[in-house]
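Residue 35 is where the sequence shown starts when you use the numbering used here, and the numbers rise one by one after that. Here a beta-carbon is modelled for each residue, glycine too, at the ideal position from N, C-alpha and C. Only one structure is covered here, and it is reproduced in the block below.
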Amino acid sequence: MHFLILFICFISTLQAQTTDIEGSSGTPTYSPTPDVTTGDDEPSDWPWQVSLQYENETGVYVHTCGGVLINESWVLTAAHCIMRCHKYRLVLRVRVLSVHVLEEEIYVPHTDIFIHKQWRRKYQTCGFDIALIRLRIKIQIISAVDFLLLPAPGFILSSEYTCYITGWSRRTPSGRELSDVLLQALLSVVDHGTCTLGDWWGNYVKDTMICAIGGLKSDCIGDSGGPLSCRKPGGRWEIHGITSFYSASGCVVETKPIVFTRVSAFIEWIYYIIDNNP
């Protein structure tokens, strides 16, 4: 039997060592910095961020995709991130300002990975690039770990709505560069009509997807499978996108924005999987 190795690593600030937060879903410990310059985040900006790592041929676990905690038992990521022949682990990582680290390693069978049945790896632009990972140990909310709220079913973000992409990867001309700290970049939503124009993405983008683009400083910050986090009125944050694909020409090409799976198109599927797999 193949197993997914789940490695939960809680890394918190000194303040977080003794402080538990109850029912604070969708609320970062610190407010993200809106003016992204270096791309680095602040402590606990994104307490729902997960690193999905696989075991390479030398037995070392390496980062491959992002993911997001949506409740104490489930992680949302992209379907294209999952290869059945690999062993995986998940790591909750928060920028380190102190040395307090709590780690726990959990083995999880591949039966706890749920990929949308309509996903086809050879046809990624056909959509359905979404997967859920069930956790056998419930994650407790602390000031460095929280959950990201789901949007209302069918909700469409307005054009130019600003959201954040986050991750430990940065695309560079020579490939992918991994960061020791979580990176962030501010993106602006591109309306579906514009994104599907012939000289943009055309029919590669479906109505179950979101397009968003950033300035030059975004530099492809973020991970496949990682969240597009959007702040709603009242200050709570929701996951509106799962990073699905980029242009081979880069992430700051005006007519080729980053494409995300639109989470609001899959709320019924998400709840179906969760409700039927307690």
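Its chain contains Ala165, Leu166, Ile167, Arg168, Ile307 and Asn311 as the residues whose beta carbon lies nearer than 8 Å to that of phenylalanine 148, once the 5 sequence neighbours on both sides are disregarded; these appear in chain order.
DSSP places tryptophan 202 in the strand class (E or B) of the three-state scheme. The C-beta of methionine 117 has fewer than 16 other C-beta atoms within 10 Å across all chains shown, which makes the residue exposed. Isoleucine 167: not part of any alpha helix (DSSP H); member of the beta strand (DSSP E) spanning 165 to 168, first to last residue.
Residue pairing by DSSP places histidine 97 opposite Gln87 in a beta bridge. Between alanine 113 and tryptophan 153 the beta-carbon gap is near 4 Å, inside 8 Å, which marks them as a contact.
Taken atom to atom, the span from the alpha-carbon of threonine 230 to that of cysteine 99 is near 26 Å. With contacts defined as CB atoms closer than 8 Å, valine 94 and proline 261 fail to qualify as a contacting pair. For serine 298, the secondary structure class from DSSP, reduced to helix, strand or coil, is helix. Note: proline 187 is not bridge-paired with any residue in the DSSP secondary-structure output.
Judged by their CB atoms, cysteine 285 and histidine 274 are not nearer to each other than the 8 Å cut-off.
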